[in-house]
Structures are given as C-alpha cells and as structure tokens.
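To start, the structure under review is shown below, and the notes come after it.
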Amino acid sequence: MLRFCLIAAFLNVCLAVNSAQAQPYAEAYQRYQQALNTGDTDVAIAAAKEAFEAAEATGNTDSETLAILAQNWFFSALWEKPESVVAVGETVLTLANQGYGLSTYSVEEITAALAYARAAEEPRRQATELADALREFRASSEISNFSVRLHSSSFQLMLGNGQHDEAYDIATGMTRMIETVPGVDPNLVGSSYLLRIAAMLQQDRRQLLGATSQPFRTTLKNARVLIDHVMSLFPPQAGLDDFSVPAAQARAWHSLLRSMEASYDVEVEPDWTFDGKVALESSERSVPGESYGEFFAGKSGTSACNVEWKRRSLVYPAEAQRSGNLGGIYLGFDLLPNGRVARAKVLGEVPADRFGPAFLKQIESWRADPKSIAEPACLKNRTTVVVIVIE
C-alpha cells in the first residue's frame, strides 16, 4: 500500500501541473486508482494498461511518469496474468536501468519480477533464468512482502510445471533468506518450510512410485525433521476461529508424511488408518485419532477433556480408493452439551480440497455421551487427524 501511495502522490502532482493540457492518460489512471481502492483487479489491470498506452502514444510523456505508468500495469497483472505483461515488463526494466521509476521498485526487484513473468510465458526455457534471478535478488535485497510473494509464486509455477529441482532451489533459498532475519512471523517461516518439504518430496517422485529405495527413505526422514521443526514454531492457538493457516497445514503435512511412512512400511504411530473401507482406531491411545491442546491454550488442552463416544467412525472415501492418493487431513470441531458435533471445519489438508469435505460430513454425524463431558470448556476446540494409508 505504501508503494501505491508513493506512485499515486507522484502522478497526482503530474496531473495537477498538467491539468490545463488534459493529459490523455489522466482519466484511465483515475479509474486504475479507484479499482485498486475497491479491490477490482481486472478493472485495475485494464485501466493501468490503457493509461500506459495512452501516455506512450503521445510521444512526449516524460520518462519518470512513463516508468511509473508502466510499473502500474506490470505489477498489477504480475500475480494474476504474468505471461501477459512480459513486453511491458521489459520496458519497465529498460527505464529502471536508465534511472527512472526507482522510487518504488529497485532494479533487482524488477529484474526478478520480469524473470518470473518470462518463466510463466515459457516455463521450460526460462526456469534457469528465474532461479538465477531470484538467487541474485536474495543476495542484494532484504526480506519483504514482495520478496516472499515472488518466491512463493515462483515456487508454485516451477512445481506446477514439473521443474522440481528449480522449485526446491527456490523454496530452500526462501527459507534461508527468512532465517537471516530475527523476529520474523512464525507463519511466514512455517510457510516457507512447507514449500521446501513439498519440493523435497516432488524431487524424489520417481522413488515415490516404488518407494522402497534408501534415497526416498532418507528424504522422508529429512522431511520429518523439517516438519517437526515447523510444528514447534507456532504458539498455542486461541481457538478454531483464529487458527493459523500455516499451523494447520503443518499438522496436515505431518499427517501426510506419516501416511507415506506407513504406506512404505516405515513404522509410525497411527491415529486413524484404514483397512478396506472401515476406519480402524488405534488401540495405543485412550482416545485414538483425537488430540486436545496440541495447538490450543486453556482447559481444552488437557486429558481431562476426554469423552466417551456413542457414535464415532470414519469410512474411507470412494474417490480416495479409486485414485490411490495418500493424504493427511486436520479437522476441528466443537461439541454441543447434548454431545452433537458443531462447527466442524477442515483446518488443513494435503492434497488440498481432495478428501476433507468427505471426512467433514462424516464427523458431523458423531455423537459423544453428554455425561462424559467434564465441563463446558471441554466442548470447544477439539481436533482429529486423518492419515490416509495405502496398504
């Protein structure tokens, strides 16, 4: 927002000074500002494009104004349609190298952003350039919301295109960059580690198919070390409504890793596992599959909140059986005084949006014995973990 204000202040001065000349880009620029304020991304992109093209067409717009108008178009579209702004991004970089538009973005930021746009346009040809640009960017820039978003978007782009080595390099670089800054938000640190874990597992996807090789077992071991570290980063959560997304995803990833280990005959402690279609509860826990206070503060985090269940089962989703996917799902819910489940929600799930809704519907039918509920505090912030294992 600060960068937008700086740009807006500069251009408002330009517009005021040149009002008598009725600059051709003025009306489009005003629409761009309004769209940013209302959060209408598509309108903002279209208006920014129109403003730049109008200014460029006059042939007499000063270079500083032209640089900022080009940046408006480039950066407003960068996250939504990066492949569409490669050409204007090259203009932005050319002007930046001449010293224009540097009050808002540095040459290093623009170079890295353009490398991302080029990689989105031609991922196979530009992946190495993007990785190199991000490496140089990390060496010359401090951590910021922009740098985190650029790394995260670049990671998703590489991973989605099957370029797992580049994705791992980006995720590792992002983690190391964040580690150098004291007092960084644990949500940010945790998210960067989760990207790194995803890249580690994708790097070894060929071993994943056979999954009996020592390299893959080593990868699983290393990933478990990282996920255990991630889970230690988060402070107790206030409740289900305020649950940190990265903290929940860390629990889901932890479950997925246990799923992989169990599926590949690495000994793990089960919560919920499946034999055929019916969920089997572990006999090793007094209340298998459920945890209290793992991420919560207060009374609901004690074993005194154990309850007896009148109805409590899970059935393996048919889609999961057909696809053969492993998975980890972290679910949260409250209990009503009558023992019914309320406010059930998927807190974290890997793979995303795959099995969570099916399990969510099932736990809504659970019934606890009201007489076993120790006190009102025990009604809130209950969780259960589902580990999908292929045997």
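To get the working numbering, take the position in the sequence shown, counting from 1, and add 1300.
Glycine is no exception: its CB is placed at the ideal position from the N, C-alpha and C atoms.
Cutoff 7 Å: residue 1402 Cβ touching any chain D Cβ: The chain labelled as chain D is not found in the depicted structure, where only one protein chain is given.
According to DSSP, residues forming a beta bridge with residue 1374: None, per the DSSP bridge assignment.
Residue span of the beta strand (DSSP E) that contains residue 1627, given as start and end: 1627-1635
Beta-carbon separation (whole angstroms), residue 1417 vs residue 1433, contact threshold 8 Å: The Cβ separation is near 11 Å, so there is no contact.
C-beta contact flag for residue 1351 and residue 1369 at 7 Å: yes
Which of helix, strand or coil DSSP assigns to residue 1330: helix
Whole-angstrom C-beta distance between residue 1627 and residue 1527, which should lie under 8 Å: Going by Cβ atoms, the distance from residue 1527 to residue 1627 rounds to 15 Å, so no, they are not a contact pair.
Buried versus exposed, by CB contacts within 10 Å (16 or more), residue 1481: exposed
Local Cβ density within 10 Å of residue 1426, reported as buried at 16 or more and exposed below that: buried
Residue 1473: first and last residue of the uninterrupted beta strand (DSSP E) it sits in: Where residue 1473 is concerned, there is no enclosing beta strand (DSSP E), although the alpha helix (DSSP H) it sits in stretches over 1464-1479.
Assigned exposure category for residue 1469 - 16 Cβ within 10 Å defines buried: buried
Pairwise C-alpha distance: residue 1605 and residue 1675: 8 Å
Straight-line gap, residue 1671 to residue 1381 (C-alpha atoms, nearest Å): Here the alpha carbons of residue 1381 and residue 1671 stand approximately 56 Å from one another.
Close Cβ partners of residue 1401 (< 6 Å) along its chain, the five nearest in sequence each way excluded: 1367, 1368, 1371 and 1395
Where residue 1391 sits in the DSSP three-state scheme: helix
Anticipated Cβ contact below 8 Å, residue 1560 with residue 1520, distance rounded: 6 Å
Residues bridged to residue 1435 (per DSSP): Looking at the DSSP output, residue 1435 shares a beta bridge with no other residue.
Candidates 1328, 1490, 1356 and 1484: closest to residue 1343 by CA position: 1328
Short Cβ contact (7 Å threshold) for residue 1467 with residue 1455: yes
Spatial distance of residue 1390 from residue 1491 (CA atoms): 31 Å
Rounded separation between residue 1341 and residue 1374 - CA only: 12 Å
Selection from 1363, 1458, 1445 and 1648 that minimises the alpha carbon distance to residue 1489: 1445
Residue 1555 burial status per 10 Å Cβ neighbour count (16 or more: buried): Buried is the call here.
Rounded straight-line distance, which links the Cα of residue 1629 to that of residue 1638: 26 Å
Presumed contact (8 Å Cβ cut-off) between residue 1673 and residue 1635, rounded CB distance: The Cβ separation is near 7 Å, so the contact holds.
Where residue 1381 sits in the DSSP three-state scheme: coil
Length of the line joining the Cα atoms of residue 1376 and residue 1607: 52 Å
Through-space distance from residue 1651 to residue 1536, alpha-carbon basis: Each residue's Cα considered, the two are about 25 Å apart.
DSSP bridge partner residues for residue 1645 (one or two, in chain order): 1632
Residue 1501 (DSSP reduced to helix, strand or coil): helix
With 16 other Cβ atoms within 10 Å as the buried cut-off, status of residue 1576: For residue 1576, the predicted model reports a pLDDT of 39, less than 50, meaning its position is unreliable; a value from the coordinates is still stated below. Exposed, by the Cβ-count rule.
Where the alpha helix (DSSP H) containing residue 1609 begins and where it ends: It is not in any alpha helix (DSSP H) - residue 1609 instead sits in the beta strand (DSSP E) that spans 1609-1611.
C-alpha gap between residue 1453 and residue 1609, whole angstroms: Per the coordinates, the alpha-carbon of residue 1453 lies some 44 Å from the alpha-carbon of residue 1609.
As assigned by DSSP and simplified to three states, the class of residue 1538: coil
C-alpha distance - residue 1336 paired with residue 1457, whole-angstrom precision: 25 Å
Given residue 1661 as reference, the closest of 1669, 1680, 1677 and 1612 once Cα atoms are compared: Among 1669, 1680, 1677 and 1612, the Cα nearest to that of residue 1661 belongs to 1612.
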